[in-house]
Amino acid sequence: MKRYIIDYSLKNGLGHPAISIYLTGCDNPIKCEDCHNWELQEQSQYNYDINEIKHEVDKEIYNYLQFHNKLYVAILGGEPLAKYNRDITLELSNYIKEKYKNATIVLYSWRTIEQISKENLELYIKHIDYGVLGSYNKDLYVSNTLPSSTNQYIYDFKNNEKLKSIKLKRG
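Counting from 1, position 129 in the sequence shown corresponds to residue 330 in the numbering used here; the numbering is continuous, with no gaps.
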């Protein structure tokens, strides 16, 4: 399996369309039952060329901006903050923020803000605006809502605060 997948999503930008960068491999010791991206849990053994990824991201962003005024980019997985994905997450988020100044970057992680702090991962989120944090729990699932389960939350990294869940439009 490739180390990453770049795709278009209708809601990964906190309910807005987004360029989604999926990184393979999840280091959550207890995998989420009914994980949304279970096929990305296994860590890829392939290396990556960061310049190739940036080139692919630029192509996707160019196409995206033909139809949208505001750029949203989501970094998810797998797990973007797994040890083997941290450098990609940092380098891509820095690149996107430098090149596309008004971009909003959203990180999806099983980790909570407390775990991010405890593991000293702040360096890897310094260019990221929001996090959708916490492990998915199918027993706490809420339809048409972001995050998908009530134990998860949206976190504003710039203002250091939890935000309300977002009710998604159907369609």
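Glycine is no exception: its CB is placed at the ideal position from the N, C-alpha and C atoms.
Report task. Starting from N264, trace the alpha helix (DSSP H) both ways and give me its first and last residue. Result -> I251 to L266 is the extent of the alpha helix (DSSP H) around N264.
Report task. Helix, strand or coil for I306, going by three-state DSSP, please let me know. Result -> strand
Report task. Please determine, among G226, L347, E323 and Y356, the residue with the shortest C-alpha to C-alpha distance to H217. Result -> L347
Query raised in the report: Does the Cβ of Y209 have 16 or more other Cβ atoms within 10 Å, making it buried, or fewer, making it exposed?
Result: exposed
Report task. Counting only the same chain and skipping the five closest in sequence on each side, list residues whose C-beta sits under 8 Å from that of D330. Result -> T305, I306, V307, D357, F358 and K359
Report task. Run the proximity test for F358: is its beta-carbon closer than 7 Å to any non-hydrogen atom belonging to the ligand SAH? Result -> The ligand SAH is not part of this structure, which contains no ligands at all.
**Report entry** Same chain, Cβ closer than 6 Å to S221, five either side skipped, listed in chain order
**Finding:** D208, S210, N213 and A275
Requested in this report: Evaluate Q267 with the Cβ neighbour count: other Cβ atoms within 10 Å of its Cβ, from every protein chain shown; 16 or more gives buried, anything less gives exposed.
Outcome: exposed
**Report entry** Residue of Y309, V343, K298 and E362 minimising C-alpha distance to N286
**Finding:** Y309
Query raised in the report: What is the DSSP secondary structure of Y354, reduced to helix, strand or coil?
Result: Of the three classes helix, strand and coil, the one that applies to Y354 here is strand, per DSSP.
Query - N321 versus N264: straight-line alpha-carbon distance, rounded - result: Our two residues, N321 and N264, have alpha carbons roughly 36 Å apart in a direct line.
**Report entry** Contact under 8 Å by Cβ, I355 with L341
**Finding:** no
**Report entry** Element boundaries [beta strand (DSSP E), containing Y273]
**Finding:** Counting along the chain, the unbroken beta strand (DSSP E) around Y273 starts and ends at Y273 to G278.
Query - Residue range of the unbroken alpha helix (DSSP H) whose run includes W314 - result: Per the sequence shown, residue 314 should be read as Ile rather than Trp. Counting along the chain, the alpha helix (DSSP H) containing I314 begins and ends at I314 to K319.
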